[in-house]
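**Student:** Here it is, the structure in full.
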Amino acid sequence: MDVSIYDVNGRIIESLVGFINAGNYSIDWNAENQPSGLYILKVQFGNEIKSEKIMLVK
16 MDVSIYDVNG
26 RIIESLVGFI
36 NAGNYSIDWN
46 AENQPSGLYI
56 LKVQFGNEIK
66 SEKIMLVK
């Protein structure tokens, strides 16, 4: 599984998780050095990819 954060231009901001085994997890993103704005959270597991828009407001 891979969890990554992208900006709205498609540039990767941070890769949060590489390979992990199946299970329930909590993932924290330290966005202290990132400006407010829209970001894309992408989760990839196997051949399946899910993405969600997230708004960072400071």
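Note that my numbering gives residue 59 to position 44 of the sequence shown, counting from 1, and the numbers run on in steps of one. Here a beta-carbon is modelled for each residue, glycine too, at the ideal position from N, C-alpha and C.
1) So Asp17 and Gln59 are in contact, right, with Cβ under 8 Å, and what is the actual spacing, rounded?
2) Should Tyr54 be labelled buried (16 or more other beta-carbon atoms within 10 Å of its own) or exposed?
3) Mind checking which residues open and close the beta strand (DSSP E) that includes Glu63?
4) In terms of DSSP beta bridges, what is Leu53 paired with?
5) Give me, in chain order, the residues of the same chain whose beta-carbon lies closer than 8 Å to that of Gly52; leave out the 5 immediate sequence neighbours on both sides.
**Tutor:** Answer, in terms of the structure:
1) 5 Å
2) buried
3) 63-71
4) Met70
5) Asp22, Val23, Met70, Leu71
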